[in-house]
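Peer 1:
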Amino acid sequence: MFDSVFFQIGVIVGLSAVAGAIAQWLRQPLIVAFIAVGILLGPSASGMVLHSSEIELFARLGIALLLFVVGLKLDIHVIRTVGPVALASGLGQVFFTSVVGYLIALLLGMPHVEAIYVAVALTFSSTIIIVKLLSDKREVDSLHGRIAVGFLIVQDIVVVLVMIGLTAYGEAGKDVSISGEALKILLKGSALLITVALLMRYVLPHLLHRLARSSELLMLFAIAWAVLGGVTGELLGFSKEVGAFLAGISIASTPYREQVAARLVSLRDFLLLFFFYRAGGHP
Numbered sequence: 001m002f003d004s005v006f007f008q009i010g011v012i013v014g015l016s017a018v019a020g021a022i023a024q025w026l027r028q029p030l031i032v033a034f035i036a037v038g039i040l041l042g043p044s045a046s047g048m049v050l051h052s053s054e055i056e057l058f059a060r061l062g063i064a065l066l067l068f069v070v071g072l073k074l075d076i077h078v079i080r081t082v083g084p085v086a087l088a089s090g091l092g093q094v095f096f097t098s099v100v101g102y103l104i105a106l107l108l109g110m111p112h113v114e115a116i117y118v119a120v121a122l123t124f125s126s127t128i129i130i131v132k133l134l135s136d137k138r139e140v141d142s143l144h145g146r147i148a149v150g151f152l153i154v155q156d157i158v159v160v161l162v163m164i165g166l167t168a169y170g171e172a173g174k175d176v177s178i179s180g181e182a183l184k185i186l187l188k189g190s191a192l193l194i195t196v197a198l199l200m201r202y203v204l205p206h207l208l209h210r211l212a213r214s215s216e217l218l219m220l221f222a223i224a225w226a227v228l229g230g231v232t233g234e235l236l237g238f239s240k241e242v243g244a245f246l247a248g249i250s251i252a253s254t255p256y257r258e259q260v261a262a263r264l265v266s267l268r269d270f271l272l273l274f275f276f277y278r279a280g281g282h283p
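So this is what it looks like as structure tokens:
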């Protein structure tokens, strides 16, 4: 019975509900309770629930829906307003934190290469956790929430470029071109943005108008679109967060965005439970 995936999911959901109620009584974020449940049930403690492909799938779907719903709240007019601020602050934070982290690592006696890795690791934050906290506080629509989301997306893109550089450095002498890989990523990113813009202008408004005749069909399309966006982001060398975020933005300018977002919130929160469980119990 303990090996049944259905039983394990039932244990996770049940204990998370209890832990969530305790966290709410203590006025703590629910994320803390969910991570604590992951630690309690995972191999680091009781080992009652094992990591499985089903839990991994639920976690990935939750991530895609989270960034998709955030993208729904950021139409093109908002992006034009906060985009330059998010870009400048995101790049500034990456530069400042990496330099300070590198110097601290050198002062601790680390070699240059290890200091670079430490500096890079200190630079980036968890997009999922921060966006979830903003959503729980209903601050995603605020000015600072929008800037923070843009800030995090800039970080995710910088991660891709940094990984290219580190991979090329590790494969020195194997005819790896950093500039060539960076150019490839730039071309892929440009093609992705152009495709999203064309879909926003010529395809999605008319398609959603037809699908909106059935609320169930509209929700099914929204979930499929979010997952497809995440998959596309990963296939192009970006993160699934970036892909799902762009998928949300692509229908943020339509009159159906509030309807889609309102119906997806509960499903998003349920699936994200497994992401935070995995984060706590399975490092």
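Take the sequence shown: its letter number 215 is residue 215 in the UniProt record's numbering, and every next letter is one higher.
Built from N, CA and C at the ideal position, the CB exists for glycine as well.
Span of the alpha helix (DSSP H) holding I55?
Peer 2: S53 to L72
Peer 1: On the three-state DSSP scale, how would you describe I249?
Peer 2: helix
Peer 1: Does the Cβ of I249 have 16 or more other Cβ atoms within 10 Å, making it buried, or fewer, making it exposed?
Peer 2: buried
Peer 1: Taking buried to mean at least 16 other C-beta atoms within 10 Å of its own C-beta, is residue 285 buried or exposed?
Peer 2: Since the first residue of the chain shown is 1 and the last is 283, residue 285 is not available in this structure.
Peer 1: How would you call R210, buried or exposed, if buried means at least 16 neighbouring beta carbons within 10 angstroms?
Peer 2: Classified as exposed, R210 has fewer than 16 neighbouring CB atoms from the shown chains inside 10 Å of its CB.
Peer 1: Compute the beta-carbon to beta-carbon distance between A115 and L134, rounded to the nearest angstrom, for a pair I have assumed lies under 8 Å.
Peer 2: Rounded, the Cβ-Cβ distance is 32 Å, inconsistent with contact.
Peer 1: Given this structure, state the Cα-to-Cα distance separating S215 from E54, to the nearest angstrom.
Peer 2: 27 Å
Peer 1: Only counting the same chain, and skipping five residues up and downstream in sequence, which positions put a Cβ closer than 7 Å to that of G62?
Peer 2: R268, L271, L272, F274 and F275
Peer 1: With a 10 Å radius around its C-beta and 16 neighbouring C-beta atoms as the bar for buried, classify Y102 as buried or exposed.
Peer 2: buried
Peer 1: Using 8 Å as the Cβ pair cut-off and three pairs as the minimum, do the stretch 63 to 73 and the stretch 218 to 227 touch?
Peer 2: yes
Peer 1: Of the choices A86, P111, L183 and L41, whose alpha-carbon is the least far from that of D156?
Peer 2: A86
Peer 1: Which residues bound the alpha helix (DSSP H) around F34?
Peer 2: L30 to L41
Peer 1: When DSSP labels each residue in this structure, what does G230 get in the three-state scheme?
Peer 2: helix
Peer 1: Run through DSSP, which three-state label would V140 get?
Peer 2: coil
Peer 1: What is the rounded straight-line gap between the Cα of I104 and the Cα of H112?
Peer 2: 11 Å
Peer 1: Using a threshold of 8 Å, state whether the C-beta atoms of G83 and G189 are closer than that.
Peer 2: no
Peer 1: Is I35 buried or exposed, if buried means 16 or more other CB atoms sit within 10 Å of its CB?
Peer 2: buried
Peer 1: Nearest to A212 by CA position, among A19, S266, V140 and I251, is which residue?
Peer 2: I251
Peer 1: Which stretch, first to last residue, makes up the alpha helix (DSSP H) that contains G109?
Peer 2: Run containing G109: none; DSSP gives neither H nor E here.
Peer 1: Here's a check: name, in chain order, each residue in its chain whose Cβ is nearer than 7 Å to the Cβ of T97, leaving out the five neighbours to either side.
Peer 2: L122 and T123
Peer 1: In three-state DSSP terms, what is M48?
Peer 2: It is coil, neither helix nor strand.
Peer 1: Buried or exposed for L187, going by 16 or more other Cβ atoms inside 10 Å?
Peer 2: exposed
Peer 1: Terminal residues of the continuous alpha helix (DSSP H) containing G237?
Peer 2: Per DSSP, G237 belongs to no alpha helix (DSSP H) and is neither H nor E.
Peer 1: Grouping DSSP H, G and I as helix and E and B as strand, with all else coil, what is R146?
Peer 2: helix
Peer 1: For a quick check, are the C-beta atoms of I153 and V231 less than 8 Å apart?
Peer 2: Going by C-beta atoms, I153 is not nearer than 8 Å to V231.
Peer 1: In chain order, what residues of the same chain have a beta carbon less than 6 Å from the beta carbon of A244, not counting five sequence neighbours either side?
Peer 2: A64, L67, F68, A226, G229 and G230
Peer 1: Residue range of the alpha helix (DSSP H) that P205 falls in?
Peer 2: L204 to L211
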